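Sequential numbering from 29 applies to the sequence shown in the working numbering.
Glycine included, each C-beta is placed from N, C-alpha and C at the ideal position.
Keep in mind the model is a prediction, meaning the values are calculated, not measured.
First the structure, in the form of structure tokens, and then the observations on it.
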Amino acid sequence: MFDNTHAHITTWVVALILFVVVLLLQKGGNQKGAKITQMILRLFYLLIILTGVLLFSKHQGYNPALYGIKFLGGIIVIAMMEMILVRGAKGRNTGVLWVVFIAALAITFFLGLKLPLGWNMFS
Ligand code: HEM
29 MFDNTHAHIT
39 TWVVALILFV
49 VVLLLQKGGN
59 QKGAKITQMI
69 LRLFYLLIIL
79 TGVLLFSKHQ
89 GYNPALYGIK
99 FLGGIIVIAM
109 MEMILVRGAK
119 GRNTGVLWVV
129 FIAALAITFF
139 LGLKLPLGWN
149 MFS
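And the structure:
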């Protein structure tokens, strides 16, 4: 978990899938199913952060600035997923949240690919 990104990748892939599932359940009017799935999603938020922090604590010395932005980007992605689901369930507007979500996801993904572990595409 400290030296390869497999566990980290697994956690955010599962979280993105669960995020879509909760959105679909909310749209389909299955509020109970959405609530339960959202609780599982929240567990995966913690696992993303845990695996991310383990990688970060060992490797950030290589480039603290980029690792710092990666860390912040990941947290923003998680915050936006949570806020989109909570506000969406109340029928509130989520337009701005979606813009921030997509931007933060793109930056976080790009930095993940750029940083040296695992996939290393833009070095
Ligand atoms: C949903 C949110 C997140 C997404 C989509 C995401 C995505 C990624 C991707 C695509 C990679 C590259 C994997 C590889 O090269 O094999 C990665 C690596 C990494 N992530 Fe995340 N991440 C997220 C959240 C976080 C958080 C919250 C943290 C910090 C607490 C974090 C810290 C790291 C670190 C330190 C690496 C290793 C970078 C390297 O040296 O290559 N990530 N992440």
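Whole-angstrom distance between residue j and residue i, CA atom to CA atom
i, j, result
"Lys63", "Lys98", "29 Å"
"Arg115", "Asn121", "7 Å"
"Met111", "Gly89", "32 Å"
"Val81", "Phe150", "22 Å"
"Leu69", "Val42", "8 Å"
"Val128", "Leu100", "13 Å"
"Trp126", "Leu51", "13 Å"
"Lys60", "Met67", "11 Å"
Same chain only: Cβ atoms within 7 Å of residue i, ignoring 5 sequence neighbours per side
i, result
"Trp147", "Leu141"
"Thr79", "Met29, Ala35, His36, Thr39"
"Phe47", "Leu69, Met109"
Supposed contact pair residue j and residue i - C-beta distance, whole angstroms, cut 8 Å
i, j, result
"Phe72", "Thr39", "6 Å"
"Gln54", "Ala117", "6 Å"
Residues near residue i in its chain [Cβ-Cβ closer than 6 Å; skip 5 each side]
i, result
"Ile103", "none"
"Val49", "Thr65"
"Val105", "Ala132, Leu133, Thr136"
Other residues of its chain near residue i: CB distance less than 8 Å, five sequence neighbours each side excluded
i, result
"His87", "Tyr95, Leu143, Pro144, Leu145"
Please give the ranges of any beta strand (DSSP E) in the region 56-143, keeping only runs that are unbroken, at least 3 residues long and fully inside the region.
none
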